[in-house]
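Peer 1:
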Amino acid sequence: MQDISATDSRSTVLTVLFSILLILAIPIAVGIFRASGQPDANLDRQGDDVMITDEVVKEVARNCMSGKEIMISLLNRQRDNIRITEGMVEIIATSFDKEVMTLLLDSRGDDVTITDKVVMAAARNFNRDSSREMVTLLLNRQGDNIKITERTFHTIAETFDQQMMTLFLNRHGDNIKITEGMVEIIARHCDKEVMTLILECARDDVIITDKVVMAAARNRGSEMMALLLDRRGGNVTITDEIVVFPNRERKFVLPRMSPV
Numbered sequence: 014m015q016d017i018s019a020t021d022s023r024s025t026v027l028t029v030l031f032s033i034l035l036i037l038a039i040p041i042a043v044g045i046f047r048a049s050g051q052p053d054a055n056l057d058r059q060g061d062d063v064m065i066t067d068e069v070v071k072e073v074a075r076n077c078m079s080g081k082e083i084m085i086s087l088l089n090r091q092r093d094n095i096r097i098t099e100g101m102v103e104i105i106a107t108s109f110d111k112e113v114m115t116l117l118l119d120s121r122g123d124d125v126t127i128t129d130k131v132v133m134a135a136a137r138n139f140n141r142d143s144s145r146e147m148v149t150l151l152l153n154r155q156g157d158n159i160k161i162t163e164r165t166f167h168t169i170a171e172t173f174d175q176q177m178m179t180l181f182l183n184r185h186g187d188n189i190k191i192t193e194g195m196v197e198i199i200a201r202h203c204d205k206e207v208m209t210l211i212l213e214c215a216r217d218d219v220i221i222t223d224k225v226v227m228a229a230a231r232n233r234g235s236e237m238m239a240l241l242l243d244r245r246g247g248n249v250t251i252t253d254e255i256v257v258f259p260n261r262e263r264k265f266v267l268p269r270m271s272p273v
């Protein structure tokens, strides 16, 4: 058994080193990190010559056993040798937790730009709790500087619950340019409370189109439809498709509207 274990161990080390050699930008030290799980000693031996690139962070993120500890050590000991890129911040947002991102922002905050891609990467974090905490951290720390696109908005709406969406809109609603697509996303994925919030926060920007009404019909039925008609009834055009759809789905009956 000992010979087999030793062979497996050597095979693991060789596999790691070979994969790293294929990527010239990665220092050989990363292979040692993954094989030994002893980040502190290895970093001490490498000294100030280790340049931390996207590929290094990607390899560290693959270390399930001690990746977080290695990343914290890198940020603490090699912060001046870290080449910050959007890609690196995305990797950290996806693969690590709030503690690591906080350390990055605290140590190199002036060099870190939180883009919509980073926020979406945080929403896709491997751990649901970490995902929520990571997105909240990014929005709290650099929310005013983040341009929330329709794609980001869609990711947050699809990934998180109503409470998170409400928190997001309460804190950052004033900084978001509401588009027809965003209103449609809310009508499709969120509840009446979130739609009420968006109607109150961005009254002049919200346009209720037939696409929005159809999305509401598919999602929350009578509650959402009643809200839209109550708040924007005069601006909502009821098409044949909208009338037919709810009857086909048997979700609700359109409220009776007084003739104009």
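Residue numbers in the sequence shown follow this note's numbering, run continuously in steps of one, and reach 273 at the last position.
Yeah, the Cβ is synthetic: ideal placement off N, Cα and C, and Gly gets one too.
What you are looking at is a predicted structure, and each value in this text was computed from that prediction instead of being measured.
Inspect the CB distances between the region 158 to 172 and the region 117 to 124 and report whether three or more fall short of 8 Å.
Peer 2: With the cut-off at 8 Å, the region 158 to 172 and the region 117 to 124 do not touch.
Peer 1: Can you tell me whether Phe181 is buried or exposed, with buried defined as 16 or more other CB within 10 angstroms of its CB?
Peer 2: Buried: at least 16 other Cβ atoms inside 10 Å.
Peer 1: Could you tell me the alpha carbon to alpha carbon distance between Met208 and Val196, rounded to whole angstroms?
Peer 2: Their Cα atoms are separated by approximately 8 Å.
Peer 1: For Ile95, which three-state DSSP category applies?
Peer 2: Of the three classes helix, strand and coil, the one that applies to Ile95 here is strand, per DSSP.
Peer 1: Using only the alpha-carbon positions, how far apart do Ile83 and Leu150 sit?
Peer 2: Looking at the two C-alpha atoms, the distance is approximately 22 Å.
Peer 1: With a threshold of 6 Å on Cβ separation, who are the neighbours of Gly156 within its own chain once the five nearest residues in sequence on each side are excluded?
Peer 2: Result list for Gly156: His185, in chain order.
Peer 1: Under the rule that 16 or more other beta-carbon atoms within 10 Å means buried, what is Ile198, buried or exposed?
Peer 2: By the neighbour-count rule (16 or more Cβ atoms within 10 Å), Ile198 is buried.
Peer 1: With Asn183 as the anchor, note down where its alpha helix (DSSP H) starts and where it stops.
Peer 2: Residues Gln175 to His185.
Peer 1: Would Asn232 be called buried (16 or more neighbouring beta carbons within 10 Å of its own) or exposed?
Peer 2: The residue in question, Asn232, is buried, as its Cβ has 16 or more Cβ neighbours within 10 Å.
Peer 1: Once you ignore the five residues that flank Leu240 on each side, which residues in its own chain have a CB closer than 7 Å to its CB?
Peer 2: Contacts found: Lys205, Met208 and Thr209.
Peer 1: Taking Thr179 as the reference, give the member of Met133, Glu213, Met147 and Thr192 with the closest Cα.
Peer 2: Looking at the Cα atoms, Glu213 is the closest of the given residues.
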